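A.B. asks: Chains as they are written, first to last, in the numbering used here: chain A, 620 to 765; chain B, 620 to 765. Glycine is no exception: its CB is placed at the ideal position from the N, C-alpha and C atoms. Every value quoted in this text rests on a predicted model; they were computed, and no experiment measured them. Quick one: the structure is below, and I'll ask about it shortly.
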DNA sequence: CTCGAATCGTTCAAAGTGTGAATGATATGA
DNA sequence: TCATATCATTCACACTTTGAACGATTCGAG
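Put into structure tokens, the structure is as follows:
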């Protein structure tokens with residue numbers, strides 16, 4: 620009736636590859652005292668589309684309380700500044716510091732290096748199509764698509 | 620110095636896509652009382668390469684104690700049988716029951732459906748290259764490649 | 001203007017998932 | 001035969017994240 624192997628589905632391969640790649644990325648981030656979610660938050664700030672903690676939470680698909688602790692740690696590292704919005708003093712506005720921008724650049728660099736290692740086993744054509752396909756999938760799944 | 624966006628890296632896209640896809644798959648599995656790891660265990664058994672719990676743990680990259688609880692639950696559902704290896708009574712040999720095989724087929728079907736939904740936004744050529752590229756990446760990263 | 005309702009951030013307890021150390025049973029080899 | 005290694009199991013714990021309070025602030029209907 621159905622003899623497709625689970626392990627050969629896109630679902631399974633995206634899941635397992637995503638997990639191992641994230642783990643490897645995470646390991647490199649550890650050297651800077653960061654976890655993937657910290658970097659995700661920095662990236663949201665850099666994009667500039669949003670700044671209040673609640674908006675960030677929605678964009679990152681996490682609980683607002685998680686953004687609090689992420690912001691706490693990033694603030695302690697001097698990567699972000701936290702200020703009350705003068706027009707609405709309930710809101711905390713997060714902004715990247717120069718240090719935070721530098722930190723994000725370092726982490727992006729690590730991701731780019733990992734990218735190169737991954738793409739190394741692909742033909743240039745395969746690598747190009749992989750990027751194209753992942754971009755299309757990201758677009759249609761509410762994920763950032765620059 | 621480096622103005623590549625983090626969100627446009629393979630690392631980021633594989634990570635986030637892998638997470639959302641896994642989440643969607645997980646939601647469909649819930650209807651059958653299973654989680655992705657249960658299905659992973661069933662798939663390992665179906666492959667037939669290995670059967671003792673410790674071997675399974677190594678293959679799945681999880682702690683042996685986790686295999687115990689996964690096997691407990693699958694056994695309770697009647698999906699696997701657990702027998703002491705007569706040649707080495709320390710080993711527990713897990714085998715798929717007919718019911719387990721059926722369950723795995725149902726879950727694989729769910730994955731195939733999700734695959735189709737995902738590939739829907741891609742051109743046939745893109746979808747093909749995506750599969751090729753993911754297979755190559757799986758091969759070079761110690762993941763199952765059928 | 002005022003007061004009830006809504007919003008934002010924060011804290012905190014708790015759920016979910018997974019690991020590692022200790023234990024008992026069995027096997028292996030000197 | 002006995003010390004050592006291996007397998008499964010249990011259990012306490014770590015980690016990550018969530019959701020339910022709560023206080024502070026804003027908004028809007030009357």
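#1: Between which two residues does the alpha helix (DSSP H) harbouring residue 754 of chain A extend?
#2: Which residues in the same chain as residue 676 of chain B place their Cβ atom closer than 8 Å to its Cβ, once the five residues preceding and following it in sequence are excluded?
#3: Rounded to whole angstroms, what is the Cα-Cα separation between residue 741 of chain A and residue 701 of chain A?
#4: Where do the N-terminal and C-terminal ends of the alpha helix (DSSP H) with residue 674 of chain A fall, by residue?
#5: I need the boundaries of the alpha helix (DSSP H) containing residue 636 of chain B, first residue and last residue.
#6: Who are the near neighbours of residue 757 of chain B in its chain, counting only those whose CB is closer than 8 Å to its CB and skipping five residues on each side?
#7: Within 9 Å (strictly less), CB to CB, does residue 669 of chain B reach chain A?
#8: What does residue 759 of chain A touch in chain B if you count any residue whose Cβ is under 8 Å from its own?
#9: Below 8 Å on the Cβ atoms is my guess for residue 732 of chain B versus residue 751 of chain A; work out the distance and round it to an integer in Å.
#10: List, in chain order, every chain B residue whose beta-carbon is nearer than 9 Å to that of residue 748 of chain A.
#11: For a contact meaning CB atoms closer than 7 Å, what does residue 763 of chain A contact in chain B?
#12: For a test of the three-state rule: what should DSSP assign to residue 686 of chain A, helix, strand or coil?
#13: May I ask you to list, following chain order, the residues of the segment 668-697 of chain B that have a beta carbon less than 7 Å from some beta carbon of chain A?
#14: Give me the chain A residues within the contact set of residue 733 of chain B, using Cβ-Cβ distance strictly less than 7 Å, ordered along the chain.
#15: Just the chain A side, please: which residues come within less than 8 Å of residue 705 of chain B by C-beta, in chain order?
#16: Just checking my contact of residue 661 of chain A with residue 697 of chain A at CB under 8 Å: how many whole Å lie between their CB atoms?
#17: Out of A:715, A:624, A:655, A:723, state which residue places its alpha-carbon closest to the alpha-carbon of residue 638 of chain B.
#18: Any heavy atom of the ligand NAD inside 8 Å of the beta-carbon of residue 624 of chain B?
#19: Of the residues A:690, A:724, A:728, A:625, which one's Cα is nearest the Cα of residue 711 of chain A?
#20: Identify each residue in the segment 710-729 of chain B for which the Cβ-Cβ distance to at least one residue of chain A is less than 8 Å, and report them in chain order.
#21: Indicate whether at least one CB of chain A lies closer than 9 Å to the CB of residue 563 of chain B.
#22: Could you have a look at residue 653 of chain A and say whether DSSP puts it in helix, strand or coil?
C.D. replies: Answer, in terms of the structure:
#1: 743-758
#2: 682, 683, 685, 686
#3: 43 Å
#4: 672-679
#5: 629-649
#6: 763, 764
#7: no
#8: 740
#9: Between residue 751 of chain A and residue 732 of chain B the Cβ distance is about 24 Å, and since that is not below 8 Å, they are no contact.
#10: 744, 745, 747, 748, 749, 751, 752
#11: 626
#12: helix
#13: none
#14: 630
#15: The premise fails here: residue 705 of chain B is roughly 30 Å from chain A at the closest Cβ pair, so nothing lies under 8 Å.
#16: Residue 661 of chain A to residue 697 of chain A, Cβ: 12 Å. No contact.
#17: A:655
#18: For the ligand NAD, the structure offers nothing, since it holds no ligand at all.
#19: A:690
#20: 723, 724, 726, 727, 728
#21: Since the first and last residues shown for chain B are 620 and 765, residue 563 of chain B lies out of range.
#22: coil
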